[in-house]
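*Asks:*
In our numbering, the protein residues as written are 15 to 66.
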C-alpha cells in the first residue's frame, strides 16, 4: 500500500502532532488516496479515508 515514508524505529510518529493530526491525515488522504498505510513506531497502521 502507498503511504508516507517514515524513519527507522519512529515510523511516521515524528510527523504527527496530536493537535493537528487530522490535518496531516487529510493531507496524506489527498496525496495517497482512500486507503494508505502509516507506521506508528514499529507497527503498520491502515488508514481508511472513505469506507465506500
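Each residue gets a CB set at the ideal place from its N, CA and C atoms; glycine is no exception.
#1: Kindly indicate which residue of 30, 60 and 64 has the alpha-carbon position closest to the one of residue 17.
#2: According to the neighbour-count rule (16 or more other Cβ atoms, all chains shown, within 10 Å of its Cβ), is residue 53 buried or exposed?
#3: Give me whichever residues DSSP pairs with residue 49 in a beta bridge.
#4: Could you tell me how far apart the beta carbons of residue 25 and residue 63 are, in whole angstroms, since I believe they sit closer than 8 angstroms?
#5: Apart from the five residues just before and just after residue 29, which ones in its own chain have a Cβ nearer than 8 angstroms to its Cβ?
*Replies:* So, from the data block:
#1: On the chain shown, residue 17 is found 3 positions in, with the first residue counted as 1. When only C-alpha atoms are compared, the closest one is 60.
#2: Locating residue 53 in the chain shown gives position 39, where the first residue counts as 1. Residue 53 is buried by the Cβ-count criterion.
#3: Position 35 of the chain shown holds residue 49. According to DSSP, residue 49 bridges with 62.
#4: The count along the chain shown starts at 1 and reaches residue 25 at position 11. The count along the chain shown starts at 1 and reaches residue 63 at position 49. Their Cβ separation, rounded to whole angstroms, is 19 angstroms, which puts residue 25 and residue 63 out of contact at 8 angstroms.
#5: Taking the first residue of the chain shown as 1, we reach residue 29 at position 15. 18, 20 and 38, listed in sequence order.
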